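Presented below is the structure to which this report refers.
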Amino acid sequence: MVKMQKRVFLTKEDQANYPFLKEATNFVENFGVNLRELSIEDYPSIIPRATQWIQDNIEGNMFTTNIKDPDSDILAYPLALAFLFGLKKEWVINRFATSEQKRIKTLLLNENPEHIIEIAKSGFGWDLESININQEEAKFQFSISVANYLEIAPQFHSAEWKLINRYVDKGKVYLRNLEYARLLSGAAENKIKKRAMEEEVRKFELPEKFKPYLINITKIIEQKKDIYDEETPLIWVEEAKPPCVIAMLNDIESGKNLSHMARFTISTFMLNVGKKVEDVLELFSRVPDFDEGKTRYQIEHIAGEIGSKQKYKMPKCDVLRSFGLCVGPDALCEEVWYPLIYYRKKIEEMKKRPSPVPQEQSEELKKVRKRLQKNV
Ligand code: SF4
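Using the working numbering, read the sequence shown as starting at 4 and increasing by one per residue.
Below you can see the structure in the form of structure tokens.
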């Protein structure tokens, strides 16, 4: 049964909580703040709130908007983005966007259906409809057009988001339980990442006068870069391999032929976590169509030893997903956009596991711990 929708109005607090809302954007535009004119003397609360927003998101803490002064937070958000884009670090932008996704998802889970519908409409132009339908043992709360659904769902890891696995009726996809929050927060995350890719943003240079306000953030970035920065070298830790890599290595072990993309992925993974060309070559010697000369040439090319002399990066999760190489993701996969970040986070988790290692545990694990301690 489709319910009549009751229209609600989005408050200033909503705009601060959900800075992607049309109303928030209009407020910022009408305020006419210009980065070149903005100084901390004129707006004492905006700059600290913008830096706090970035700091919380990088550190994985949930940024809390100030309900007593929502105007400052509405204005702080575009400034936080300007700072973020001015830092020119892709992993920092990704980290910020992922933390925003989590923050927004948490907030949405406490909203009533009318509010959620209005947020979807204002933020993304989506026509979410409140429904309460029990079908095939599932309870559906909202429906959304297939077109809107496909703007975001294909980037999610698990198979349940595939359109083929969804209940669809008259051009509408039915959303179970809390799925609306994942979809909307995913759209907010995408908005930040897409904006970061725009030519104008890529060329953006932060005015010098703001740089002193970023000193603290720069220090935090330095501390966190071991986990998130794709450029930071890694060590080989057997137990930290992401599920996609384990699946590809299992395919090699069982003598299957791998696609070009799978071979490229395994090669870039190994070469980026400290393995040598010879190690990768030895691994591929197990595939049925192994040709030593050709394989060596390709691996050396990927390692940056010949050709362009640039080491190739490992493909990101969304690329692997589009090639059908993201298999059976686990809980940690939900937090990452890049398999090497999965790997780094897993290593961090391992460092926190209780020590000493009991006698009966594997020698391999002991070696890993020793190596990790040396590398801390
Ligand atoms: S989500 Fe990323 S890390 Fe996890 S299995 Fe898929 S591609 Fe690999």
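For every residue, glycine included, the Cβ atom is placed at its ideal position computed from N, Cα and C.
In this text the structure is predicted, and so the values were computed from the model without any measurement.
Near I302, which residues of its chain fall below 7 Å by C-beta distance, leaving aside the five closest residues on each side in sequence? S270, V280, V283 and L284
Work out the CA separation of L110 and E351 for me, nearest whole Å. Each residue's Cα considered, the two are about 28 Å apart.
Residues surrounding ligand 1 [beta-carbon distance to nearest heavy atom under 5 Å]: The filter returns H160, P245, P246, C247, C320, L323, C329, P332, C336, P342 and Y345, in chain order.
So, is Y183 buried or exposed, given that buried needs 16 or more other C-beta atoms within 10 angstroms? That one is buried.
Short Cβ contact (8 Å threshold) for L237 with Y346: yes
Report the option in Q144, Q138, I96 and V339 whose CA atom is closest to the CA atom of C247. V339
Classify L78 as helix, strand or coil using the three-state DSSP reduction. helix
Give the single residue among I77, R98 and S102 whose Cα lies nearest to the Cα of M65. S102
From I220 to E308, what distance separates their C-alpha atoms? 36 Å
Among F213, A199, I136 and K349, which residue has its Cα nearest to the Cα of P51? F213
Identity of the residue in N33, E62 and A79 nearest P47 by Cα: Proximity to P47 across N33, E62 and A79 peaks at A79, based on C-alpha coordinates.
N- and C-terminal bounds of the beta strand (DSSP E) containing E93: Taken as a continuous stretch (DSSP letters only), E93 belongs to no beta strand (DSSP E), being part of the alpha helix (DSSP H) at E93 to L111.
Answer yes or no: do N1 and M317 have a C-beta to C-beta separation smaller than 8 Å? Here the chain covers residues 4 to 379 and nothing more, so residue 1 does not appear.
C-alpha distance - R205 paired with S257, whole-angstrom precision: For R205 and S257, the gap between their C-alpha atoms comes out near 45 Å.
So, are the CB atoms of V290 and I255 less than 8 Å apart? yes
Short check: CB of F86 to CB of K194, under 8 Å? no
Quick check on the burial criterion: 16 or more other C-beta atoms within 10 angstroms. Buried or exposed for K108? buried
If you follow the beta strand (DSSP E) that Y177 is in, where does it begin and where does it stop? K175 to R179
DSSP three-state assignment for D59, whether helix, strand or coil: helix
Using only the alpha-carbon positions, how far apart do L153 and W164 sit? 10 Å
Leaving out the 5 sequence neighbours to the left and right, which residues in its chain are closer than 8 Å to D333 when beta-carbon positions are compared? P246
Can you check which of these residues, L90, A156 and K278, is closest to I223 by C-alpha distance? L90
Is Q226 helix, strand or coil by DSSP? helix
Hey, could you find the ends of the beta strand (DSSP E) F145 is sitting in? Counting along the chain, the beta strand (DSSP E) containing F145 begins and ends at A141 to S148.
Given a cut-off of 8 Å on the beta-carbon distance, is the pair A243 and K319 in contact? By the CB criterion at 8 Å, A243 and K319 fall outside the cutoff.
Would you tell me roughly how many angstroms separate the C-alpha atoms of K175 and I119, rounded to the nearest one? 17 Å
State the CB to CB distance for the pair S148 and K25, rounded to an integer number of angstroms; the pair is presumed to be in contact (CB under 8 Å). Wrong, their Cβ atoms sit about 19 Å apart, outside the cutoff.
For W129 and V11, the rounded distance between their alpha carbons: 15 Å
If you reduce the DSSP assignment to three classes, tell me which class Q138 lands in. strand
How close, in whole Å, do the beta carbons of A191 and Q55 come, if the pair is a contact with beta carbons under 8 Å? The Cβ separation is near 19 Å, so there is no contact.
So the alpha helix (DSSP H) G296 belongs to, where does it begin and stop? E295 to I305
Taking Cβ positions, are I49 and F99 nearer each other than 8 Å? no
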